Each structure stands twice: as C-alpha cells, then as structure tokens.
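Quick note on UniProt numbering: the sequence shown kicks off at 1 and runs consecutively. Every residue, glycine too, gets a C-beta built ideally from N, C-alpha and C. Note that the structure is predicted; figures quoted are calculated from it, not measured. Working notes, beginning with the structure itself.
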Amino acid sequence: MTQSRWKKRMLIFIGLFVLGYLGIVIMLLSLENRLVFVVTPASEAWEPKPSEQLQDVWIAMPDGGQIHAWWNPPPAGKRETLLICHGNSGNVSFRGQTMLRFGQELQRGVLLFDYPGYGQSPGEPNEANCYDSATAAFDWLVTQQGIPAEAVTLYGESLGGGVAVEVATRRAHHALVLMKTFTNLPDAAKARYPFVPTHWLMRNRFDSLAKIPTLHQPVLVVGATDDRIVPFRLSERLFAAANEPKQLIPLPGDDHNDPLPPDFLPKLRAFLDAIPAPNAP
C-alpha cells in the first residue's frame, strides 16, 4: 500500500470516527430530558394507598397549576416534618409504605409530592419547575398545616437531592438530608458517559456543589459505596463542600437502588433529634 493511499484511508477512518462520535453526542443531547426525567404518570403505573392515613392533597404552583402529593400528618403533639423530594423515576404511589415507615420510626410528619408530569401532577418536568414544585410543597406545610419552617427537614433522594438543596437556599429549615445524590448532574452524567463533555453541553444542572457552601443548617449526606449510578466519590465531594454541622453515612456494599439497611432510620432519627427543635409559638 502506498503512503498516499494509507493516509487517505486514515483520514476516512478519522472522519467516520468523528461523525460517529458527534452522532452519539447529538443523540444523547436530544434525549437529555428523557434520560433525566423518567416520567411515570398515573395513567401508566399507580399503586393504591396502603393506608387511609395517607391523605391526597393538591398544592398550588406559582404558575397557576397544581401538583399532587400524599400527606402523612405528624403524630399528635408533634410538628417536626419530613419533606421528601423523590428521584427521577416512579411517583408517590410507589413510596406509600416508605412514608408510613418513615412517619412511624422517625415520629414525624411526611409530605411526598410529585413533580409536574409525574403521577397525578399535570405538566412536563424541567429543572425550574422541579424547584418550584418543591418550594410550593414546603410553603403548603407552613401556610396550610401550620408547620414552622424551622421544623421541616428537607430529604432529597438522587435527583431530588438537587431539588432539596435548592429549596434549602430559598427557605429556613430544620436540616437537609441528601440520599445517594450527586454534586451536580453533569458530574453524574460524566460518570456514565465519560466520553461526552457533559459540563459544556447539558442544559439541566442541579448544581448542589455550588449551592451547599451557602447553607448553615445541619446536613446529613448518605452515599452507597458501590453505587453504579451516582458514584460514592460524588457524595464525598458534596459532604466536603458542606458547612458544619454535618455528618456522612456510608452504606457499605450498597448500590443506588438497593433498599435502605435496617439500621439507617435509627441513625437518621438520632441525627434529627440531636438538632434543637424550634421554639414553640
């Protein structure tokens, strides 16, 4: 083979490689919202409430729309409440038993809402309206249920951790709990697609790493050491960026979607109970 022919073939190969790479990147960008928001509307999957203790509520959004939520009120004489921001898939109906268990073992109220497009909440999700829906849910607890803002713990799972951090920057709160969440979405995407320049190209950011240094309420970061979706190192980086008081709980050997170990809720309750309660009105 002559040198000129070899160079020509190399140029063709490089050109095909570049075109293939660009094609994959463009495809991932076009699918970004579908990959970030794995929407499960009630028309596709909906589980009945496991107990009538869980109340259906509708919460007004700033844009005039509504989101749907399940509300498990706190025990008599209690005000402390957990506001759960769930991850990027499923809907509230998948988590009814979790709500009951959290309420019973933590002795707190639990409000779990669906982002726009999830469950019975109408619309389509995006980063901004995920933040707004969580803020609306927080404000509903304060204005409609009389729960002091300082009695509300923000609990974010995976993508919901990014939502919870944003609400923590907007509202006074009791504590922030981040369960298997990331520093920011481009970091998490980079772990799965290392060949894509995610920080340059992604529209959805959920940048908790930039926000958490501004917070001064107690923070609990929980990470699964064998997490194949949100690597544990991202939990460690987020923890390092947080201010004191803070605590890191590793879940040894756990993956992203593994159930919580039996000893986790007692640890969570001990963390929350150690924080001074808000003064009674």
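- The C-alpha of L83 is placed about 16 Å away from the C-alpha of A277.
- The secondary-structure analysis by DSSP pairs Y155 across a beta bridge with I84 and V177.
- Taking the C-beta atoms as reference points, I275 is found nearer than 8 Å to A175.
- Counting only runs that start and end inside the stretch 204 to 246, the beta strand (DSSP E) elements of at least 3 residues fall at 219 to 224.
- In the three-state reduction of the DSSP assignment, H68 falls in the strand class, which pools E and B.
- A straight-line Cα-Cα distance of about 15 Å links D114 and N72.
- Judged by their CB atoms, A134 and A149 are not nearer to each other than the 8 Å cut-off.
- Contact between A42 and A136 is absent: CB atoms are separated by about 19 Å, not below the 8 Å threshold.
- For F138, the enclosing alpha helix (DSSP H) stretches over residues E127 to Q145.
- Bridge partners of P250 according to DSSP: G223.
- As the crow flies, the alpha-carbon of N257 is around 32 Å from that of P62.
- A direct Cα-to-Cα measurement between L201 and G161 gives close to 22 Å.
- Linking C85 to P194 through their CA atoms gives a straight-line distance of about 28 Å.
- For S51, the number of other beta carbons within 10 angstroms of its own is below 16, and it is reported as exposed.
- In this structure, DSSP gives F271 a helical state, which the three-state scheme calls helix.
- For D56, the enclosing beta strand (DSSP E) covers residues Q55 to A60.
- The beta carbon of L265 sits closer than 8 Å to the beta carbons of R101, F102, E105 and L106 from its chain, once the five residues preceding and following it are set aside; these are given in chain order.
- The closest CA to that of A210, considering only G223, T169, D227 and M179, is found on T169.
- Taking a contact as a CB-CB distance under 8 Å, the pair V92 and W70 counts as one, their CB atoms being some 5 Å apart.
- Its Cα nearest to that of A151, the residue P218 stands out among P262, P218, P48 and P186.
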